[in-house]
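Read the structure below first, then the notes.
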Amino acid sequence: FANTNTNPDCLMNVRAIFTHSTDTSATDSKLPSIVNLDPRTAFEGSPTNLVIKHSSNDHNDESIFLVPVEDECGSSRSRTELKAVTDSESLETYTGQYGPMAEFYSVWSTRNPRTDNYKICGSTSQNDNGNEIGLLTVFGGNPMYFEIAAGSGEQGKIYTSTPLTLRFHGYDLDTRPYKDMAKLVDETSTCDTGTPAGGVPMATDLGPTDSYGPNTIITEWTFSIINDGGYKVCYKRFGSSWIDVPSLDDLPPGAVKVPTTTTIAPIPTNPRSKNSCPRAQPRSQGPKYTNTYLKLTFKQKDIPSFFRALLGEVLCVPSSAIVFPIPVDTTSTGLGVLYLDIECDGKACGSQDRKDYLLELATNDPNNAEYLNLQLALVEEVSTNGIITRNDHHLKGEDGGVAKKKGFFFVVGCFTLIVIAGIVVYGMLQFRKNQHHFIQFGIDDDDDVDIQEPPRVSTA
């Protein structure tokens, strides 16, 4: 590090933990050394390039590989071999700056293994079992990073017994209780086996509200650290393993943006043509409301024919993912109104992304030919508190999203018929019951006379 001391406000503190051991068989002058890592933060499944400096320009027999941090380079049974980069363009990019000394450098590439800590090992010959030359931490990549949203003091310092809010950025996150979880562990522990540290219990109900999820891109965790020290921030998505999450400051310039279409969420595909479709620009602060639907106001009263199919083509989602929670409504001026929700499975598309994309079309590209076919006058994002109601009825839309009013009256009619039938059956049962009592307690057959006949007068 170089500090030019030109800015009195620019102070740098380096806090590091060193572990060391002595290897008498290693010759320091011959061991390769790492001079660059690109990108600076390694994510699971993503490519990483290492620039290595060698002790001589004859390093064809040298090799670079990864082993789990708890293993030794020479005895580990789990090795990830790095591949030497040979194309001249890549070599020029990474080693051209060294001029005549470039032949002392090499570039090695790998697709990062699963989230964990690894030793970077280098061997100088085929007979060399290898020695540790560095350490590589592979992050899970989802969440990609966290930032301090609230609670830090001056110069970003964190204090004990002070509420602190961390905001995680990723995709397919879930804030519902006992879904996604977070914890702090000691910086020397691993996330999968480390126990909660710092006096902070494991979080099982992340914020900002329970309605952010599934398929949200932001979650928040508010807590207070009781014991001072150094900690790792760990995150566990529902159904996944614990991973170590880097902070915003750990990432190099340019990597702090939310990932684009290739990494943040599934790229939507047209159901018929199978071509990739554009995605919405990811939001940095999440949805405007906790429960969101889109309110679609049409240019006329009637809904266009085959509207569900047209909308599926524009949004690149199957018709089954399009939900209209209530029947069609009208504005005070007589224009048709429909509420829209998208229910993706998280693999084919992102629910919030598809709604955001329709919002972007309405706002930024209203003259788009496909959008014009929808005959929409206005698209708005509305809060529903979890349910949309119209005249206190919550109905699933049918026939292109427009549930007919007669469906409601059909249900009411059926209910009325059932009640009437019940009354008739009840009356018949009561009649039979009374008839039974009348027969049992009437006069005997021997004395069977007309009870209405007046008494006979004797003529004797």
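All residue numbers for the sequence shown refer to my numbering, where the first residue is 2 and numbers rise by one.
Cβ atoms here follow ideal geometry from the backbone N, Cα and C, with glycine treated the same way.
Looking at the strands, I want to know which residues DSSP matches up with residue i.
| i | result |
| --- | --- |
| residue 81 | 67 |
| residue 170 | 146, 219 |
| residue 117 | 139 |
| residue 338 | 298, 330 |
| residue 324 | 342 |
| residue 236 | 183, 244 |
| residue 132 | 123 |
| residue 54 | 34, 106 |
| residue 165 | 224 |
| residue 383 | 294 |
| residue 204 | 183 |
| residue 112 | 48 |
| residue 277 | 270 |
Considering only C-alpha positions, which residue in the set the options is nearest to residue i?
| i | options | result |
| --- | --- | --- |
| residue 276 | 418, 314, 342 | 314 |
| residue 321 | 333, 342, 332 | 342 |
| residue 167 | 142, 229, 204, 302 | 204 |
| residue 323 | 303, 356, 300 | 356 |
| residue 487 | 18, 433, 108 | Absent from the model: residue 487. The displayed extent of the chain is 2 to 461, so no value can be given. |
| residue 118 | 81, 93, 299, 89 | 81 |
| residue 273 | 381, 316, 300 | 316 |
| residue 334 | 358, 301, 58, 430 | 301 |
| residue 58 | 89, 18, 88, 101 | 101 |
| residue 382 | 90, 157, 295, 241 | 295 |
| residue 92 | 50, 132, 131 | 50 |
By Cβ distance, which residues of its chain are closer than 7 Å to residue i, with the 5 residues on each side in sequence left out?
| i | result |
| --- | --- |
| residue 311 | 305, 374, 375 |
| residue 318 | 269, 343, 345, 350, 355 |
| residue 151 | 166 |
| residue 262 | For residue 262, the predicted structure reports a pLDDT of 35, less than 50, and the residue's modelled location is therefore unreliable. A value from the coordinates is still provided. Answer for residue 262: 268, 280, listed in chain order. |
| residue 77 | 68, 69 |
| residue 241 | none |
| residue 254 | Note on residue 254: pLDDT 45, under 50, position unreliable in the model; no value is reported. |
| residue 179 | 205 |
Could you check how far apart the C-beta atoms of residue i and residue j are, in whole angstroms? I think they sit under 8 Å.
| i | j | result |
| --- | --- | --- |
| residue 339 | residue 297 | 5 Å |
| residue 207 | residue 181 | 6 Å |
| residue 372 | residue 362 | 5 Å |
| residue 140 | residue 70 | Residue 140 to residue 70, Cβ: 14 Å. No contact. |
| residue 185 | residue 233 | 7 Å |
| residue 211 | residue 189 | In fact, because the Cβ distance is near 34 Å, the residues do not count as touching under 8 Å. |
| residue 219 | residue 147 | Not really, about 10 Å apart at Cβ, beyond 8 Å. |
| residue 134 | residue 34 | 6 Å |
| residue 40 | residue 112 | So it is not a contact: roughly 13 Å between Cβ atoms. |
| residue 307 | residue 336 | Wrong, their Cβ atoms sit about 20 Å apart, outside the cutoff. |
| residue 127 | residue 229 | About 49 Å separates the two Cβ atoms, so there is no contact after all. |
Suppose the cutoff is 8 Å on Cβ atoms and the five residues either side in sequence are ignored; what does the same chain contact list for residue i look like?
| i | result |
| --- | --- |
| residue 31 | 56, 125 |
| residue 162 | 225, 226, 227 |
| residue 106 | 36, 52, 53, 54, 55, 95, 96, 99 |
| residue 20 | none |
| residue 79 | 68, 69, 72 |
| residue 159 | 149, 152, 153, 165, 226 |
| residue 400 | Low confidence applies here, because residue 400 scores a pLDDT of 37, under 50, leaving its location unreliable and the question unanswered by this model. |
| residue 136 | 70, 118, 119, 120, 121 |
| residue 16 | 231 |
Buried or exposed: which applies to residue i, given that a residue is buried once 16 or more other Cβ atoms fall within 10 Å of its Cβ?
| i | result |
| --- | --- |
| residue 198 | buried |
| residue 413 | exposed |
| residue 209 | buried |
| residue 201 | buried |
| residue 221 | buried |
| residue 353 | buried |
| residue 74 | buried |
| residue 265 | Summary for residue 265: the model assigns pLDDT 46, below 50, so the residue's position carries little reliability; its value from the coordinates is reported in the next sentence. When all chains shown are included, residue 265 counts as buried. |
| residue 43 | buried |
| residue 174 | buried |
| residue 417 | exposed |
| residue 129 | buried |
| residue 368 | exposed |
| residue 217 | buried |
| residue 309 | buried |
| residue 86 | buried |
| residue 142 | buried |
| residue 430 | exposed |
| residue 183 | buried |
| residue 231 | exposed |
| residue 287 | Caution is warranted here: a pLDDT of 49 is assigned to residue 287, below 50, making its placement in the model unreliable, and the coordinate value is therefore given only provisionally. Buried is the call here. |
Going along the chain, which residues of its own chain have a beta-carbon closer than 6 Å to the beta-carbon of residue i, five neighbours each way excluded?
| i | result |
| --- | --- |
| residue 187 | 198 |
| residue 37 | 52 |
| residue 243 | 192, 193, 235, 237 |
| residue 115 | 45 |
| residue 65 | 83, 109, 123 |
| residue 103 | 96 |
| residue 138 | 118 |
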